[in-house]
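Take a look at the structure set out below.
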Amino acid sequence: MSASLPACSACNSTHIVKNGKIHNGKQNFKCRNCGRQFVQNPQNKIIDPATKTLIDKLLLEKIPLAGIARVTGVSEPWLEHYVNEKYQAVPQQVIVRTKKSDYLTCQA
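In short: position in the sequence shown from 1, add 49, done, that's the numbering used here.
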């Protein structure tokens, strides 16, 4: 006696097959109609502001992302996405002006 497979979360099809397990051991499913992969009852963890502040401080210390993920308990893919968002917020142009004293002044 087997348990019934869930319906696809994208197209509501019942043509579902098991497709391995994800990193935390939950069963992964694949829809045969649309090809979407999904897990039953996904859990989205919210990263609290205190953890984000700690991550920002650790990034300034040039600690590797794997170490930061291990210490703070966040996933490496989430951390990479967070760092990329932070990088996009940094101005990419550098304005260089000469002073009267012939020194260069850089402004970011």
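We treat Cβ as the ideally placed atom computed from N, Cα and C, and that holds for glycine.
All values reported here derive from a predicted model rather than from experimental measurement.
As a quick exercise: from E110, Q156 and A118, pick the residue whose alpha carbon is nearest that of V139. By 1-based counting over the sequence shown, the position of residue 139 is 90. The residue with the shortest Cα to Cα distance from V139 is Q156.
F101 bridges to which residues according to DSSP? Walking along the sequence shown from the start, residue 101 turns up at place 52. According to the sequence provided, residue 101 is Lys. The question's Phe does not apply to it. DSSP, once it has assigned bridges, lists no residue as partnering K101.
Can you tell me whether I65 is buried or exposed, with buried defined as 16 or more other CB within 10 angstroms of its CB? Start at 1 with the first residue of the sequence shown, and residue 65 comes out as number 16. Buried: at least 16 other Cβ atoms inside 10 Å.
Are F78 and K67 closer than 8 Å when you measure CB to CB? The residue labelled residue 78 in the question sits at position 29 within the sequence shown. The residue labelled residue 67 in the question sits at position 18 within the sequence shown. Going by C-beta atoms, F78 is nearer than 8 Å to K67.
By the three-class DSSP mapping on this structure, what secondary structure does Q156 have? Taking the first residue of the sequence shown as position 1, residue 156 is located at position 107. Of the three classes helix, strand and coil, the one that applies to Q156 here is strand, per DSSP.
From the DSSP output, in three-state form, read off H122 for me. Sequence index remark: in the sequence shown, residue 122 carries index 73 (1-based). Per the sequence shown, residue 122 should be read as Gly rather than His. G122: coil per DSSP, three-state reduction.
Please state whether DSSP places G116 in a helix, a strand or coil. Translated into the one-based positions of the sequence shown, residue 116 becomes position 67. Of the three classes helix, strand and coil, the one that applies to G116 here is helix, per DSSP.
What is the DSSP secondary structure of N68, counted as helix, strand or coil? The residue given as residue 68 occupies position 19 in the sequence shown. Correct three-state label for N68: strand.
Which residues share a DSSP beta bridge with K79? By one-based count along the sequence shown, residue 79 stands at place 30. K79 is bridged to V66 and Q86.
Under the three-state reduction of DSSP, which class applies to M50: helix, strand or coil? Position 1 of the sequence shown, counted from the start, is the residue given in the question as residue 50. Unreliable placement is indicated for M50, whose pLDDT of 40 sits below 50; no coordinate value is reported for it.
Determine contact between the stretch 112 to 122 and the stretch 73 to 89, defined as no fewer than three beta-carbon pairs at a distance below 8 Å. With a cut-off of 8 Å on Cβ pairs, the stretch 112 to 122 is not in contact with the stretch 73 to 89, counting fewer than three such pairs.
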